[in-house]
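Peer 1:
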Amino acid sequence: MKIDINCDVGEGVINEHLLMPYISSCNIACGGHFGDERTIDNTIKLAITNDVKIGVHPSFPDKENFGRKVMNISKDELQKSIRNQMDLFLERLEKFDCKLHHVKPHGALYNLMSKDEVAAENFVEVIQEYTNNVFLYVPYRSEIEQVALCNNINIQYEAFADRNYNEDLSLVSRQCKNALINNPNEVYKHICKMVFEGKVKTINGNQKEMTADTFCIHGDNVNSLKILEFLHQELTKKGVIIG
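Each residue of the sequence shown is one higher than the one before, counting from 1137 in our numbering.
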């Protein structure tokens, strides 16, 4: 069995060069919540060196809040920002003669589009211009999933290995103390249930159906490196290849 593990990078976290050898795809910040030409270039180089599939990580244009708050901006403003972020990233990618593998929205934008059809439609309207042979990472049973499929965009289902889930498969808010899973063994058990059983254990202890092609570990998780090392060690024992 083969799975993909992705990580949000290019976000100013100093350990990214240590994380890259343990992941198979990455989502690089492109100027919305973080990033500029220098950080994008440096992160692309890291991905190339470690043979990691390269994705773009657009967000609300909100560096002040790291893209983790919903912005009350117009459709035109949001779409203009997404285009600017995509264009900047693809310009840098072309410099290295690399191809874009996927698009993964960031933070509040990702969460909003999971449940808001109009927001998802506004985003997909822009992303369609860039997604020829490119995947869009989406949550299972989400509005963005349905909108993408209706517009013939290739999707890959994403689940979060280091985040807890509510009953409706939304992520537990980062404002809650139990939003993140920091213990490597707990992350391992969380991901194993999804990989081998097709289910996720919710914050209330119930089990819900879950489908995932790629699993995210947050680079800013305090134990991200320990988690990734542990996952490689234990998943290998079960015959799971990360790639």
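Every residue, glycine too, gets a C-beta built ideally from N, C-alpha and C.
1) Can you list, in chain order, the stretches of the alpha helix (DSSP H) that have 4 or more residues and sit fully within the segment 1191–1245?
2) Any idea what DSSP makes of Val1323, helix, strand or coil?
3) What residue does the alpha helix (DSSP H) around Val1260 start on, and which one ends it?
4) Who does Glu1294 pair with in a DSSP beta bridge?
5) Would you kindly report the start and end of the unbroken beta strand (DSSP E) that includes Ser1160?
6) If you run the structure through DSSP and keep just helix, strand and coil, what is Cys1166?
7) Within its chain, find whatever has a CB closer than 7 Å to the CB of Val1274; leave out the 5 residues flanking it on each side and keep chain order.
8) Less than 7 Å between the beta carbons of His1169 and Lys1199, yes or no?
9) In three-state terms, what does DSSP make of Gln1282?
10) Does the Cβ-Cβ distance between Met1330 and Val1323 come in under 7 Å?
11) To the nearest angstrom, how far is the alpha carbon of Met1156 from that of Gly1375?
12) For Gln1369, name the three-state secondary structure that DSSP assigns.
13) Any idea which residues DSSP pairs Val1358 with across the strands?
14) Does the segment 1141–1155 come within contact of the segment 1341–1354, defined as at least 3 CB pairs closer than 8 Å?
15) Can you tell me the Cα-Cα spacing of Tyr1246 and Val1270, whole angstroms?
16) Nearest-angstrom Cα distance between Lys1231 and His1193?
17) Buried or exposed: Ile1327, going by 16 or more other Cβ atoms within 10 Å of its Cβ?
18) Which of the three DSSP states, helix, strand or coil, is assigned to Arg1174?
19) Could you give the distance in angstroms between the alpha-carbon of Gly1243 and the alpha-carbon of Lys1373?
20) Go ahead and label Arg1310 buried or exposed: buried means 16 or more other beta carbons lie within 10 angstroms of its beta carbon, across all protein chains shown.
21) Out of Val1206, Ile1209, Asn1318, which one is the CA nearest neighbour of Ile1363?
22) Please report the distance separating the alpha-carbon of Ser1250 from that of Leu1182.
23) What are the boundary residues of the beta strand (DSSP E) that includes Cys1143?
24) Taking Asn1288 as the reference, give the member of Glu1265, Pro1197, His1368 with the closest Cα.
25) Buried or exposed for Ile1377, please, with buried defined as at least 16 other CB atoms from any protein chain shown within 10 angstroms of its CB.
Peer 2: With the given structure in hand:
1) 1211–1231
2) helix
3) 1253–1263
4) Pro1275, Thr1350
5) That residue, Ser1160, is in no beta strand (DSSP E); it is neither H nor E in DSSP.
6) coil
7) Ile1280, Glu1281, Ala1284, Ile1291, Tyr1293, Glu1294
8) yes
9) helix
10) no
11) 21 Å
12) helix
13) DSSP lists no partner for Val1358.
14) yes
15) 18 Å
16) 18 Å
17) buried
18) helix
19) 33 Å
20) exposed
21) Asn1318
22) 30 Å
23) 1138–1145
24) Glu1265
25) exposed
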